[in-house]
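Chemist: Supplied in structure tokens, the structure appears directly below.
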Amino acid sequence: MAALVVGAWLALALVGASPYAGYLDHQVAIDSTALPYGARLAIFVTGWLVMSVAMMLPSSLPLVTVFRTITRRRERPGRDLGLLIAGYLVMWAGFGLVAFLGDTVIHEAVERAGRLASYESYILAATLLVAGLFQFSPLKYSCLRECRSPVGFLASHWHGGDRRWAAFALGVRHGVFCVGCCWALMLLMFAVGGVNLGWMLLLGAVMFAEKAVSWGGWITKPAGVLFALWGVGLALGLPFVPGVL
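Be aware that the sequence shown starts at -1, since it is given in this note's numbering, and climbs by one per residue.
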């Protein structure tokens, strides 16, 4: 798994330095006419999937570690682990797809009003505010409990039957709870757009700590306060509040 994560970060760094980096930015991908919409959508979702490997897969380390320990003496444990990871990533690819399609609808609606540029800062401010407030929500903590208890999660959600399907389904279920607790922060990553390695590292570190580190719960609410205040300040146009770089 470490090789997969490192490879994803290297790929993102290389793409970010290339002329094709724009296609991983949702705004460029939506507005560009160089390729058909379906091709732009496929490129974006592929890039989003690589970003999910880099940012989100490390936070699933507790579950992956327990799963490998349990299955290592079985036949073809690597296959089962691969299916677990695939199921997990399917959920994040789906999230990226929904975010892109939803953003397309928003862009079209705002463009009809002829005021896209004036709305961009407010959309970003609203995303920051949503990301901040969600850090205090019961859903956030309910999903975090599932993600932070790998042994209990396996006991509750790993059912019998076909081993391949069971491993894949377990990954999907884990992905559901991971999306449930991290969707707002990843929506912020979507809003920032592009191959912004700094934001990827920041948000990836927050989500990793929340899910995989014993003291991670202590940063959830402070991060929420920071993002919410940032969003309010950006919406009000306060001069000392920076935009997202």
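Quick reminder that beta carbons are idealized off the backbone N, C-alpha and C, glycines included.
Does the segment 200 to 210 come close enough to the segment 86 to 101 to have 3 or more Cβ pairs within less than 8 Å?
Modeler: No, they do not touch.
Chemist: Determine the extent of the alpha helix (DSSP H) in which Gly202 is found, giving its start and end residues.
Modeler: Element bounds for Gly202: Leu195 to Ala210.
Chemist: Report all residues from its chain with a CB closer than 7 Å to the CB of Leu168; omit the five preceding and five following residues, and keep chain order.
Modeler: Counting only Cβ-Cβ distances below 7 Å, and skipping sequence neighbours, we find Leu82, Gly85, His155 and Trp156.
Chemist: Taking C-beta to C-beta, are Trp90 and Ser50 nearer than 8 Å?
Modeler: Result yes, Cβ atoms of Trp90 and Ser50 sit closer than 8 Å.
Chemist: Decide if the segment 34 to 47 is in contact with the segment 69 to 82; the criterion is three or more beta carbon pairs, one per stretch, under 8 Å apart.
Modeler: No: fewer than three Cβ pairs fall under 8 Å.
Chemist: Kindly indicate which three-state DSSP category Arg146 falls into: helix, strand or coil?
Modeler: Three-state result, Arg146: coil.
Chemist: Residues in its own chain within less than 6 Å of Leu186 by CB, not counting five upstream and five downstream?
Modeler: Cβ within range, chain order: Thr125 and Ala129.
Chemist: Check for me: the alpha helix (DSSP H) holding Pro220 runs from which residue to which?
Modeler: Pro220 -> alpha helix (DSSP H) spans Thr218 to Leu234.
Chemist: Where do the ends of the alpha helix (DSSP H) carrying Phe42 lie?
Modeler: Taken as a continuous stretch (DSSP letters only), the alpha helix (DSSP H) holding Phe42 covers Tyr35 to Met53.
Chemist: Find out if the Cβ-Cβ distance for the pair Val43, Leu10 is shorter than 8 Å.
Modeler: Going by C-beta atoms, Val43 is not nearer than 8 Å to Leu10.
Chemist: Find the nearest neighbour of Leu61 within the set Gly94, Gly14, Arg110 and Ala153, judged by alpha-carbon distance.
Modeler: Comparing Cα-Cα distances from Leu61 to each of Gly94, Gly14, Arg110 and Ala153, the minimum goes to Ala153.
Chemist: Mapping DSSP to helix, strand and coil, what is Met89?
Modeler: Of the three classes helix, strand and coil, the one that applies to Met89 here is helix, per DSSP.
Chemist: In angstroms with no decimal places, state the Cα-to-Cα distance between Val230 and Val4.
Modeler: Rounded to the nearest angstrom, the two C-alpha atoms are 36 Å apart.
Chemist: Return helix, strand or coil for His157, following the three-state DSSP convention.
Modeler: The answer is coil: DSSP assigns His157 none of H, G, I, E or B.
Chemist: Need the endpoints of the alpha helix (DSSP H) that Leu2 sits in, please.
Modeler: Unbroken alpha helix (DSSP H) run through Leu2: Ala0 to Gly14.
Chemist: Would you call the CB atoms of Lys219 and Gln133 closer than 8 Å?
Modeler: Yes, the pair counts as a contact, with Cβ atoms nearer than the cut-off.
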